[in-house]
Structure formats: structure tokens, C-alpha cells
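Colleague: Take a look at this one; I'll ask things after.
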Amino acid sequence: MGTSTVERVFFDESTNEAIRDALPEAGITFFEYVTHLGDGALLIVFATLLYWFGADSRREQRALVIAIGLGALAISAGMKGIFLRPRPELAAGYGGYSFPSAHAMGAAAFYGALAVVADTGTRLQRYVVAGTVIGLVAFSRVVIGVHFVGDVVVGVAIGLAFVALVAHDRTSEPDFIFAIAAVIAILSFILGSREFTAMTIGATIGATIAWQYVKALSPQPRGAAILLLGYLCLPIVIGLRAVPVFWPDHVLVSVLEVIGYAVVTAAALVVPVVAERMNDWQPVEWLQARLPFSGRTIDPDQVPGSAGD
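Okay, here's the thing in C-alpha cells:
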């Protein structure tokens, strides 16, 4: 297949238009919602909640999912900033670059890693569910016109390849993958990418350092302690996101972002350890008595309207 043929099939806007024309309006609306399953912010929140509230015996596997997600973020951000390929004209006003699709790569890495480390259902069932979600997210990016077909194909391929390379089973060490993600982020910056490199460098370095501290610990925090601590950390996240808004193009912005994301990511990994020390705080006990948490996990018998009522 020649270069021109590849361009016509995988990087031609007419392909996007043909796909949109073949779908009913309801189908397009459906994919406009589905695409959010690949949003970086949603995946980060989901992975963090799994890490915080999951059983302590599975904490390393959940940290592995976070590590793989950070690695995929570093790869996609680096490639976007190096190739600098514009989005389809249909995506006028949609920021960022087109190649590869960060949504497709992130979904492939996150849901793929989750399918590897989870113990719900059979392996085949997990792979089928993960593959379905990944396929829907990837296709949605083409349907809504923000990516070419080639962008999502490459994104999914690299995301799955990364999972297969670093986490082919449940025994992979998060330490190693956090370090790999940090190296990728730094190399991306050296190679000229400035697309979210401050975020990826800071987050990966912070995670690498924090995991060395928490990996040998077995904290037993109460669910309310984690919720309260997470709530208290919100101003830090909001302040970090506000830095480039109030000081655009300032010489110190990138440095502040690297430090800020390192602190925030490290804090997310350390939350269960710190929260354990808050178990006996009066606000924690007050909140614990009003939430359906017997420990860190939901107790169905305490949920209003459940079968146990």
C-alpha cells in the first residue's frame, strides 16, 4: 500500500465525513457521550479512586494501573509535541494536536491494564469488556471529527503494546514502570515536545519517589479519612491548574507546574498512609457514621434502598 493510499484511508477528512454521514443523529450523540470514557481527567479520577478505596492486598496492582496510565500520557504528549500534526478541519476550535489520539491511547492503556490486573470474571470476559470500551472510545474520536482514523489506530496500538510490554501479568512492579514513564517524559522534552511535558515530567517523578516510600507499607485507613483528606487536597489541584491562567508564558510557570504535579501525584499515592493517621479524628468519626463505609469499601447493607434494608 503506497504512502498516498495510506494518507487517503487513514488521514483524510473525507473518511471522517463518510462515517458521520453513515450514522443517524442519535448515533452521533451517543458517541459524543461515549468519548468521555477516554477523557484523561476521568481516567485519572477513576484510577485514583480504585487505588484509594481498593483492598490493601491489591494496592500494588492498582498502582500498576496508575503507572501504566502515566506512561501512556507521557508517550502521547511526547508524540503530539514532536509530530505537531493538525487536527481535521471539522475540529476547528478544538485545541491541541491530532497525532496520536491521547483518548484512544489512554483508554487502551488504562482499560487494558485494568483487564490484566483485575480479578473480576474470567480473563476472556475482562478482555472483551475492555476491548469493547477501547473500540468505542477510539471510534468516537473519528465520529466527532477531532481525529483521523490513523490517529486512533496508532493510539490504540501503542497503548495496548505498552500494556503488553510492561504488564503482561499481575506480577509487574510499579517501580519500574513509574521510572520508565519518567524517562519517556524527560526524553520527550529533550526531543522538543512542549505538549504537557511539565505535567508528565512532574507527575512521573513525583509518583516514582512517592511509591518508594509507600510500597512497603500496609495502611488501613477508614473510608471517611480518605474522603476528608482528598477534599482538603482539592485547593492544591485547583491552584495548580490556575497557575498558567494567571501567569501565562511566565518563565517560572513550567518549573512551578513540574513541582506542583510532582507534589499532587505523590500526595495521591501517599493519601492512604496519611489518612490512616486521621482515623480517630472527630470529623472523620462523624463522617464515617454517616457514610456506607465499614472500612474503605462500600457495605451494601448500609446503602439506602439496598436488599439489606
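To convert, count from 1 in the sequence shown and add 176; that's this note's numbering.
No residue lacks a Cβ here, since even glycine has one placed at the ideal position from N, Cα and C.
Owing to the predicted nature of the structure, the values given are computational and were not obtained by experimental measurement.
With Ser-252 as the anchor, note down where its alpha helix (DSSP H) starts and where it stops.
Modeller: Counting along the chain, the alpha helix (DSSP H) containing Ser-252 begins and ends at 235–259.
Colleague: Alpha carbons only, please: which of Ala-243, Gly-331, Ala-294 is nearest the one belonging to Ser-506?
Modeller: Nothing in the structure corresponds to residue 506, since the chain is present only between 177 and 485.
Colleague: Below 8 Å, can you find three or more Cβ-Cβ pairs linking the region 367–379 to the region 202–214?
Modeller: no
Colleague: Output the boundary residues of the alpha helix (DSSP H) element that contains Gln-464.
Modeller: Segment 458–464, the alpha helix (DSSP H) holding Gln-464.
Colleague: Three or more C-beta pairs closer than 8 Å, one from the region 385–404 and one from the region 283–300: is that the case here?
Modeller: no
Colleague: Should Leu-226 and Gly-282 be called a contact, given that it needs their Cβ atoms to be closer than 8 Å?
Modeller: no
Colleague: Which residues in the same chain as Val-292 place their Cβ atom closer than 6 Å to its Cβ, once the five residues preceding and following it in sequence are excluded?
Modeller: Ala-343
Colleague: Of the residues Gln-301, Ile-244, Val-440, which one's Cα is nearest the Cα of Glu-349?
Modeller: Ile-244
Colleague: Could you pull the start and end residues of the alpha helix (DSSP H) that Leu-445 belongs to?
Modeller: Residues 429–452.
Colleague: To the nearest angstrom, how far is it from the Cα of Gly-335 to the Cα of Val-429?
Modeller: Spanning the two alpha carbons is a distance of roughly 30 Å.
Colleague: Tell me the rounded alpha-carbon separation between Thr-380 and Val-241.
Modeller: Cα to Cα, Thr-380 sits roughly 13 Å from Val-241.
Colleague: Return the residue from the list Gly-307, Ala-451, Leu-408, Pro-276 that minimises the CA-CA distance to Phe-187.
Modeller: Pro-276
Colleague: Would Val-328 pass as a contact of Ala-337 if the rule is Cβ separation under 8 Å?
Modeller: At the C-beta level, Val-328 and Ala-337 stay beyond 8 Å of one another.
Colleague: Please classify Gly-382: does DSSP put it in a helix, a strand, or coil?
Modeller: helix
Colleague: Would you check if the distance between the CB atom of Cys-409 and the CB atom of Ala-386 is smaller than 8 Å?
Modeller: no
Colleague: Given Pro-395, which residues of its chain have a CB within under 6 Å of its CB, disregarding the five upstream and five downstream residues?
Modeller: Pro-448, Val-449, Glu-452
Colleague: Where are the alpha helix (DSSP H) runs, 4 residues long or more, that stay fully inside the region 257–293, in chain order?
Modeller: 278–293
Colleague: Please determine, among Ala-194, Val-322, Val-439, Tyr-389, the residue with the shortest C-alpha to C-alpha distance to Pro-262.
Modeller: Val-322
Colleague: Quick test of your reading: Tyr-486 and Val-446, contact by CB under 8 Å. State the CB separation rounded to the nearest angstrom.
Modeller: No information on residue 486 is available, as it lies outside the stretch 177 to 485 that the chain covers here.
Colleague: Alpha carbons only, please: which of Thr-441, Tyr-303, Glu-189, Phe-207 is nearest the one belonging to Ala-239?
Modeller: Thr-441
Colleague: Out of Ala-333, Asp-232, Ala-355, state which residue places its alpha-carbon closest to the alpha-carbon of Gly-247.
Modeller: When only C-alpha atoms are compared, the closest one is Ala-355.
Colleague: Given a threshold of 16 other Cβ atoms within 10 Å of its Cβ, counted over all protein chains shown, does Ala-198 qualify as buried or as exposed?
Modeller: Counting the other CB atoms within 10 Å of its CB gives Ala-198 a total below 16, which places it among the exposed residues.
Colleague: CB-CB under 8 Å to Ala-306, same chain, minus the five flanking residues each way: which ones, in chain order?
Modeller: Tyr-287, Gly-288, Leu-290, Ala-291
Colleague: My parser needs the alpha helix (DSSP H) runs of 4 or more residues fully inside the region 302–365; what are they?
Modeller: Counting whole runs of 4 or more residues, the region 302–365 contains the alpha helix (DSSP H) stretches 325–342.
Colleague: What's the gap between the Cα of Thr-205 and the Cα of Arg-466?
Modeller: Their Cα atoms are separated by approximately 38 Å.
Colleague: So is Val-319 buried or exposed if we call it buried at 16+ other beta carbons inside 10 Å?
Modeller: The residue in question, Val-319, is buried, as its Cβ has 16 or more Cβ neighbours within 10 Å.
Colleague: Measure the Cβ-Cβ separation of Gly-257 and Thr-384 and say whether it is below 8 Å.
Modeller: no
Colleague: How is Asp-295 classed by DSSP in three states: helix, strand or coil?
Modeller: coil
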